[in-house]
Amino acid sequence: VGSEAADVLFAKPVCTETVRRLACDSAVTRVLFDSESVILDAGRAKRTVSGPMRRALEARDGGCVWPGCDRPAKWCAAHHVVHWINGGESNPENLVLLCHRHHTLVHEGGWRIVETVDGKWLAVAPPTEFAPWVRGPDPVELRPAI
895 VGSEAADVLF AKPVCTETVR RLACDSAVTR VLFDSESVIL DAGRAKRTVS GPMRRALEAR
955 DGGCVWPGCD RPAKWCAAHH VVHWINGGES NPENLVLLCH RHHTLVHEGG WRIVETVDGK
1015 WLAVAPPTEF APWVRGPDPV ELRPAI
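As structure tokens, this is what we get:
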């Protein structure tokens, strides 16, 4: 994962991927100025998920889409499959619900969540050279029963 750090108000420095996870469904506007403080670019459409869109995701996904996870929708964040910072849109076709654990695995653990041709979701582990600690069963199986 990225080695650069970011400062967060009232917290220790965090890695770039943590910032991306925290900002995944927040409102952030990038404003680019020239040397004379003239605005060159004011970003693009919101990355936030509106109330109606959130309710649509809850109805469609029912909870965390990670295979085998049973976390309810209310415990999940809306995740951009193609990350917003990489041009991903904030629309239902590019959003899924992920619980905190799986959202963190995607943003900070190198995992990917991909849709299969039959509309199911598949969790793809990072290459072992990227994350040599990834071995054994799917991490959802490692979670203790409640």
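With the working numbering, you'll find the sequence shown wraps up at 1040, consecutive numbering, no jumps.
No residue lacks a Cβ here, since even glycine has one placed at the ideal position from N, Cα and C.
(message) Taking only three categories from DSSP, how would you classify Glu983?
(response) Residue mapping note: residue 983 aligns to position 89 of the sequence shown, counting from 1. Note: Glu983 maps to coil in three-state DSSP.
(request) Please check if any C-beta of chain B sits within less than 9 angstroms of the C-beta of His973. (result) Among the chains of the structure shown, chain B does not appear; only one protein chain is present.
(request) Within its chain, find whatever has a CB closer than 6 angstroms to the CB of Pro946; leave out the 5 residues flanking it on each side and keep chain order. (result) Against the sequence shown, residue 946 aligns to sequence position 52. Answer for Pro946: no residue qualifies.
(request) Note down, in chain order, each residue of its chain lying with its Cβ closer than 8 angstroms to the Cβ of Ser984, except the 5 sequence neighbours on either side. (result) Translated into the one-based positions of the sequence shown, residue 984 becomes position 90. When the five nearest sequence neighbours on each side are left out, the beta carbons in the same chain lying within less than 8 angstroms of the beta carbon of Ser984 are those of Ala939, Lys940, Arg941, Thr942, Val943, Met947, His974, Trp978, in order along the chain.
(message) Using a Cβ-Cβ cutoff of less than 8 angstroms, which residues in the same chain neighbour Thr998 once the five nearest sequence positions on both sides are dropped?
(response) Counting from one through the sequence shown, the residue named residue 998 turns up at place 104. So the list reads Arg915, once near-sequence residues are dropped.
(request) Compare the beta carbon distance of Leu989 and Gly957 with 9 angstroms and say whether it is the shorter of the two. (result) In the sequence shown, the residue the question calls residue 989 occupies position 95. In the sequence shown, the residue the question calls residue 957 occupies position 63. Contact flag unset, no.
(message) What would DSSP say about Pro946, mapped onto helix, strand or coil?
(response) Along the sequence shown, one-based indexing puts residue 946 at 52. DSSP places Pro946 in the helix class (H, G or I) of the three-state scheme.
(request) Below 8 angstroms on the Cβ atoms is my guess for Arg965 versus Cys993; work out the distance and round it to an integer in Å. (result) Residue numbering aside, residue 965 sits at position 71 when the sequence shown is read from its first letter. Residue numbering aside, residue 993 sits at position 99 when the sequence shown is read from its first letter. Between Arg965 and Cys993, the beta carbon gap of about 4 angstroms places them in contact (Cβ cut-off 8 angstroms).
(request) Would you mind giving the Cβ-Cβ distance between Trp1005 and Pro986, rounded to the nearest angstrom? I have them listed as a contact below 8 angstroms. (result) The count along the sequence shown starts at 1 and reaches residue 1005 at position 111. The count along the sequence shown starts at 1 and reaches residue 986 at position 92. About 22 angstroms separates the beta carbons of Trp1005 and Pro986, which is beyond the 8 angstroms limit, so they are not a contact pair.
(message) For Arg1002 and Cys970, I'd like the C-alpha separation in whole angstroms.
(response) Within the sequence shown, the letter at position 108 stands for residue 1002. Within the sequence shown, the letter at position 76 stands for residue 970. One detail in the question is off: residue 1002 reads as Glu in this sequence, not Arg. Roughly 16 angstroms separates the two Cα atoms.
(message) Between the alpha carbons of Arg954 and Lys1014, how many angstroms are there, rounded?
(response) Numbered from its first residue, the sequence shown carries residue 954 at position 60. Numbered from its first residue, the sequence shown carries residue 1014 at position 120. Each residue's alpha carbon lies about 12 angstroms from the other.
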